[in-house]
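A short write-up of the structure that comes next.
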Amino acid sequence: MNFDNLTFIPDVLKPWMPLIVGVVIALVIIILGFIVAGWVASGVASVLRKRKVDSSLVGFLSSLARWLVVAAAIITALERVGLQTTSLVALLGSAGIAIGLALQGNLSHFASGVMVLLFRPFKVGDYIACAGYEGFVKDIGLFTTTLHTVDNELVIIANGGVTGGPLVNYSTNGSRRAHVDVGVDYGSKVPQVLEVLRSAAKRCDLVLQDPAPDVAFVGLGASSIDFKVFAWAKSPEWLAMKHNL
1 MNFDNLTFIP DVLKPWMPLI VGVVIALVII ILGFIVAGWV ASGVASVLRK
51 RKVDSSLVGF LSSLARWLVV AAAIITALER VGLQTTSLVA LLGSAGIAIG
101 LALQGNLSHF ASGVMVLLFR PFKVGDYIAC AGYEGFVKDI GLFTTTLHTV
151 DNELVIIANG GVTGGPLVNY STNGSRRAHV DVGVDYGSKV PQVLEVLRSA
201 AKRCDLVLQD PAPDVAFVGL GASSIDFKVF AWAKSPEWLA MKHNL
């Protein structure tokens, strides 16, 4: 645009008018970028909540979407002012690679956390076993998962450890079986012992009657005849039932 013919603009400003106009347009682009970013973030959050995605992941992904839009607006604004953004983008890319290599382990845990929050192999309150520990899930974060063990310990496990090996979710099914080893003196009659143990298991609190409790003869130990008692309970009551049994 030629500003020389615009008489209402002081001569001293005319050489600077292209830059001034570019800056004004850049500011408008940035302002609009922030507005659009807010809309995008709200839209992403709304879609994720409808799909019942974990709130931690909803917040992260909506914020990520917001700042991606803002970054695009800022780059566009800088180009409008006349700055070369190719080198800036390349520099940011190189910095991102360097940071990624330096934080490789943490990024692995972060990626695992995203996988857990997206695919939900377990939820808060479930009883799980992973990475050599088991307990109730107290918290699921982007980098760590916290378990509350039956010994009243809090175990914080990096999410890479959670997804990097076998994971058992004992709360997935409605019921769970427990077994207890029982030894009786030699000379005891096996059929009678089986009946007594089976009857005792049926009378035990929290034991489900369907499937019915069962007892199996295991073998002859060094000083006892060994049996194993099997009983089922609802998953949330499993620990209490096993203790009673």
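215 is the number that the numbering used here gives to position 215 of the sequence shown; each next residue is one higher, with no gaps. Think of the CB as a built atom: it goes at the ideal place given N, C-alpha and C, for glycine as much as any other residue.
Limits of the unbroken beta strand (DSSP E) element including residue i
i    : result
V184 : S175 to V184
Cutoff 6 Å; reference residue i; Cβ partners in own chain excluding five residues on either side
i   : result
A73 : I29, I30 and G33
R66 : A37 and A41
R80 : G22, I25 and A26
R51 : none
Residues that residue i bridges to, as DSSP identifies them
i    : result
V229 : V180 and V215
G135 : I128
I140 : T145
L167 : C130
L220 : I225
K234 : S175
Residue i - containing alpha helix (DSSP H), residue span
i    : result
V162 : N159 to T163
A240 : W238 to N244
Where residue i sits in the DSSP three-state scheme
i    : result
K202 : helix
L194 : helix
Q154 : Residue identity differs from the one stated: residue 154 is Leu in this sequence, not Gln. The answer is strand: DSSP assigns L154 an E or B state.
K50  : helix
G187 : coil
G38  : helix
R120 : coil
G82  : coil
V207 : coil
Neighbourhood of residue i by C-beta distance below 7 Å, restricted to the same chain and skipping five residues each side
i    : result
H179 : K228, V229 and F230
V150 : G135 and L239
G125 : F136 and V137
S223 : none
Supposed close pair residue i, residue j - CB separation, criterion 8 Å
i    : j    : result
S175 : S235 : 6 Å
S188 : I140 : Their Cβ separation, rounded to whole angstroms, is 49 Å, which puts S188 and I140 out of contact at 8 Å.
W232 : L208 : 4 Å
V155 : I128 : Not really, about 11 Å apart at Cβ, beyond 8 Å.
V182 : L197 : 6 Å
L117 : V162 : Contact doesn't hold; Cβ gap of about 11 Å is too wide.
G165 : A131 : 6 Å
A201 : L245 : 7 Å
Neighbourhood of residue i by C-beta, 8 Å cutoff - its chain only, sequence neighbours within 5 removed
i    : result
G143 : The amino acid at residue 143 is misidentified as Gly; the sequence shows Phe. Cβ within range, chain order: N106, H109, F110, G113, A158 and N159.
S62  : A41, S42, V44, A45 and L48
E237 : L206
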